[in-house]
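In UniProt numbering, the protein residues as written are 1 to 286.
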């Protein structure tokens, strides 16, 4: 039976990376019973991304953003546009800085089959990525290490079989239609960070299996670095605290209230400790 899925990507002024990602996507091995349709949000790019993409891949639907969507907002726009076109069997979410392996789709399908056999239902399947230079796993899935009511987590190392997790990165993430039908897509309260963690945790709590695939599905550099600011000026550190691409204060606290309400005071203190005493945080994490 032929299945049609929507591929969702958002980009902002990373033309070369976006084109590299698309090149690996279109070179990937496509199963005979799978059809893909593509939705790329150009969120105010000034580097000619849309034209470059359209020149090479005219089949991609370009959706124009306002330049202030950030990652989660861009992905929501791509998703909403896709829903106007069709009621897809599933959705493949990709970061535009990922280089995909040729067999990543088969790994996702294997994970789907594994979940259907083990859990009698589909869910979310995250493809792990690793850094080319270090060989370290950069993104994929995480487990909550102190239980479902505590935010501490650890990255799951991929093995020869799919593995369960609680939180997924959406660098390479396949979402079954059934998940969307029950819990929707990314929460509107997230503009950038934590949208994928919130989404996967909501899916987990709704009873859907959350897994990483066997092996790796691509390459992606972990470019987050320290998640606090070392600026000597307090006003700069507070600006970083509130920035969607910084500590994302508003989103982080909403994430905490939604999933870890008893831990919100500690989460609040942690953010302000990073902001007010970054040198101590540096020492703690050496």
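Think of the CB as a built atom: it goes at the ideal place given N, C-alpha and C, for glycine as much as any other residue.
Inter-stretch contact (C-beta, 8 Å, three-pair minimum) for the region 104-119 and the region 138-157: Here the region 104-119 makes no contact with the region 138-157; the two share fewer than three CB pairs at distances below 8 Å.
The region 188-195 touching the region 249-262, judged by at least three CB pairs closer than 8 Å: Yes, the region 188-195 touches the region 249-262.
For residue 36, three-class secondary structure by DSSP: Counting from 1 along the chain shown, the entry for residue 36 is found at position 36. Three-state result, residue 36: strand.
Proximity to residue 141 [Cα-Cα], best of 201, 86 and 185: Taking the chain shown and counting its residues from 1, the one referred to as residue 141 is at position 141. Of 201, 86 and 185, the residue nearest in Cα terms is 201.
Best match in 60, 130, 62 and 77 for proximity to residue 287 [C-alpha to C-alpha]: For residue 287 there is no data in the structure shown, the boundaries of the chain being 1 and 286.
Backbone secondary structure at residue 314 - three-state DSSP: For the chain, the structure presents residues 1 to 286; residue 314 sits outside this window and is missing.
Short Cβ contact (8 Å threshold) for residue 96 with residue 14: Position 96 of the chain shown, counting from 1, holds the residue named residue 96. Position 14 of the chain shown, counting from 1, holds the residue named residue 14. Contact flag set, yes.
Stretch pair the region 128-142 + the region 177-188: three plus CB contacts closer than 8 Å: Output reads no: the region 177-188 does not touch the region 128-142.
Cβ neighbours of residue 343 in the same chain (closer than 6 Å, five flanking residues each side left out): Here the chain covers residues 1 to 286 and nothing more, so residue 343 does not appear.
Beta-carbon proximity check, residue 57 vs residue 22, cutoff 8 Å: Counting from 1 along the chain shown, the entry for residue 57 is found at position 57. Counting from 1 along the chain shown, the entry for residue 22 is found at position 22. Closer than 8 Å, so yes.
Whole-angstrom distance between residue 235 and residue 82, CA atom to CA atom: Position 82 of the chain shown, counting from 1, holds the residue named residue 82. Position 235 of the chain shown, counting from 1, holds the residue named residue 235. The alpha-carbon separation between residue 82 and residue 235 amounts to approximately 41 Å.
Identity of the residues DSSP links to residue 4 by a beta bridge: The count along the chain shown starts at 1 and reaches residue 4 at position 4. According to DSSP, residue 4 bridges with 35.
According to DSSP, residues forming a beta bridge with residue 9: As a first step, residue 9 must be located in the chain shown, where it is residue number 9. 40, per the DSSP bridge assignment.
Whole runs of the alpha helix (DSSP H) within the region 233-281, excluding any shorter than 4 residues: Counting whole runs of 4 or more residues, the region 233-281 contains the alpha helix (DSSP H) stretches 234-242, 249-259 and 264-276.
Beta bridge counterpart(s) of residue 131 as assigned by DSSP: What you label residue 131 is simply residue 131 of the chain shown in a count that begins at 1. Partner(s): none; residue 131 has no beta bridge.
Closer than 7 Å: residue 138 CB and nearest the ligand HEM heavy atom: No copy of the ligand HEM occurs in the structure displayed, which carries no ligand at all.
Span separating the alpha-carbon of residue 108 from that of residue 221: The residue you call residue 108 lines up with position 108 of the chain shown. The residue you call residue 221 lines up with position 221 of the chain shown. For residue 108 and residue 221, the gap between their C-alpha atoms comes out near 21 Å.
Start-to-end residues for the beta strand (DSSP E) that takes in residue 90: Reading the chain shown from its first residue, position 90 is the one you call residue 90. 90-94 is the extent of the beta strand (DSSP E) around residue 90.
In DSSP terms, what residue 114 is bridged to: What you label residue 114 is simply residue 114 of the chain shown in a count that begins at 1. In the DSSP output, where bridge partners are listed per residue, residue 114 has none listed.
Reduced DSSP category for residue 231 - H, G, I as helix; E, B as strand; rest coil: Locating residue 231 in the chain shown gives position 231, where the first residue counts as 1. Note: residue 231 maps to coil in three-state DSSP.
Neighbourhood of residue 191 by C-beta, 6 Å cutoff - its chain only, sequence neighbours within 5 removed: Residue 191 sits at position 191 when you count from the first residue of the chain shown. 70, 72, 73 and 244.
Delimiting residues of the alpha helix (DSSP H) encompassing residue 176: Here residue 176 refers to the residue found at position 176 of the chain shown. Residue 176 -> not in any alpha helix (DSSP H); beta strand (DSSP E) instead, spanning 172-176.
Where residue 101 sits in the DSSP three-state scheme: Position 101 of the chain shown holds residue 101. For residue 101, the three-state secondary structure derived from DSSP is coil.
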